[in-house]
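The structure appears below as structure tokens.
Residue numbers (full-length UniProt numbering): 1 to 240.
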């Protein structure tokens, strides 16, 4: 991942002094390459006001809107105790598995707050090619991901509980060299090996129940694991 950082002058300074500071090398944009374990997705600020029925409005946001943080052009201001910075991020590599951490919890001087915004996301076919820099897009033939796990937080920050949605993933047979007729040989799974069902399950404590994929998207997703779709899986999806 590429991280672009630009230091900002103090907002209370006069305009002329700000302009002078921006000419200094200290305030020029810098880029560093960094690895990552997961991607943090920032939610928009939750509304403070209630609707006409005196109920809090629970906003919704598309997954691709909060993924825009990593498109290489979206800037966000980060504040520290003494300094402010503008940062933007761009992906340079897509690993076989991606972990999204949706930032629901923020801590102020007094307590931890939870953002209840619902993230609208598809279960399959999330293409992340546009978040790669142009020079590395050609090196990535597979940029589509499918959801395989979804962790949900319910309730208040200090008293809530967790639920996990897990896909019983169907393994795709590996393809070997072409046979006599020119068709690829499919290597069958060895006897007794694990075979998935393709169904979704919800786990909470010791309880395991079936769940429809449509219900997963209605939850307050907190952590998600996505699996990159390879060539055999793409062909299987197209042939289904």
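Virtual Cβ for every residue (Gly too), placed ideally from N, Cα, C.
- Here residue 198 has 170 as same chain residues with Cβ atoms under 6 Å from its own Cβ, once five neighbours each way along the sequence are excluded.
- Selection 162, 9, 3 evaluated against residue 21 yields 9 as nearest (Cα-Cα).
- Take the alpha-carbon of residue 139 and the one of residue 75: they are about 26 Å apart.
- Residue 42 is positioned such that its CB atom lies closer than 9 Å to that of residue 103.
- Out of 148, 128, 196, 149, the CA that lies nearest to the CA of residue 63 is found in 128.
- Nearest C-alpha to residue 226 among 25, 108, 97: 97.
- Where residue 4 is concerned, the enclosing beta strand (DSSP E) starts and stops at 2 to 8.
- Burial check for residue 37: the Cβ neighbour count within 10 Å stays below 16, so the residue is exposed.
- Between residue 91 and residue 145, the gap from beta carbon to beta carbon reaches 9 Å or more.
- Residue 119: member of the beta strand (DSSP E) spanning 118 to 120, first to last residue.
- Rounded to the nearest angstrom, the Cβ distance from residue 85 to residue 6 is 7 Å, consistent with a contact under 8 Å.
- For residue 206, there is no enclosing beta strand (DSSP E), as DSSP marks it with neither H nor E.
- Following the DSSP letters along the chain, one finds residue 86 inside the beta strand (DSSP E) bounded by residues 84 to 90.
- Considering only 39, 219, 110, 26, the residue with the shortest C-alpha distance to residue 67 is 39.
- Judged by beta-carbon spacing, residue 214 lies beyond the 9 Å limit of residue 100, meaning their Cβ atoms are not closer than that value.
- Excluding residues up to 5 positions away in sequence, 201, 202 lie with their Cβ nearer than 8 Å to the Cβ of residue 209 in the same chain.
- Residue nearest to residue 79 within the set 73, 87, 72 is 87 (criterion: CA-CA distance).
- Residue range 144 to 154 is occupied by the beta strand (DSSP E) that includes residue 152.
- Pairing residue 151 with residue 95, the inter-Cα distance amounts to about 20 Å.
- Your pair residue 117 and residue 61 checks out as a contact, with CB atoms roughly 6 Å apart and the cut at 8 Å.
- Assignment of residue 14 by DSSP, reduced to helix, strand and coil, places it in the coil class.
- Comparing alpha carbon positions, the residue from 204, 228, 25 closest to residue 147 is 228.
- Linking residue 133 to residue 4 through their CA atoms gives a straight-line distance of about 13 Å.
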